[in-house]
Amino acid sequence: MAEPSFEDLYKQLEEKAARLDDGKLPLEESIKLYEEGVGLVDRLREMLTSAELRVRTLERRLADDEFELREMDDGSEGTYDSGQDGD
């Protein structure tokens, strides 16, 4: 079975929080829901950290590939990687 998405886990957390906010649950059930919510927060935090790492990696790749426009022999514009000596 596939791992639940961030959005699915977040929805579960919101539902648990709403049930806790209602204030009509017995103490033990409230504590159980709170513990489950903390577990969801941990999983969501891990997913966000992973996503942030992926974005930073992509940003570094873009920063390393500095493209510039230059005029081609036929008068059109093209790109080249200014960090490369050429092939």
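Counting from 4, one number per residue, gives the positions in the sequence shown under this note's numbering. Note that the Cβ used here is the ideal one computed from N, Cα and C, for glycine as well.
Check residue i in the structure and name its three-state DSSP category.
i      : result
Ala66  : helix
Leu101 : Lying outside 4 to 90, the shown extent of the chain, residue 101 is not represented and no answer is given.
Gly40  : helix
Met4   : coil
Glu10  : helix
Asp27  : Residue identity check: residue 27 is Lys in the sequence provided, not Asp. Looking at Lys27 - three-state DSSP - the assignment turns out to be coil, as it is neither helix nor strand.
Asp45  : helix
Could you check which residue in the options has the C-alpha nearest to that of residue i?
i     : options                       : result
Glu10 : Leu43, Leu36 and Lys35        : Leu43
Gly40 : Ala5, Ser8, Asp68 and Lys14   : Lys14
Ser8  : Glu32, Leu56, Gly26 and Glu49 : Glu49
Answer yes or no: the CB of residue i versus the heavy atoms of the ligand ADP, is any distance below 7 Å?
i     : result
Asp67 : As presented, the structure is devoid of all ligands, the ligand ADP included, so that no description of it is given.
Would you be able to state if there are at least three C-beta pairs under 8 Å between the region 12-22 and the region 32-50?
-> Touching, per the Cβ criterion.
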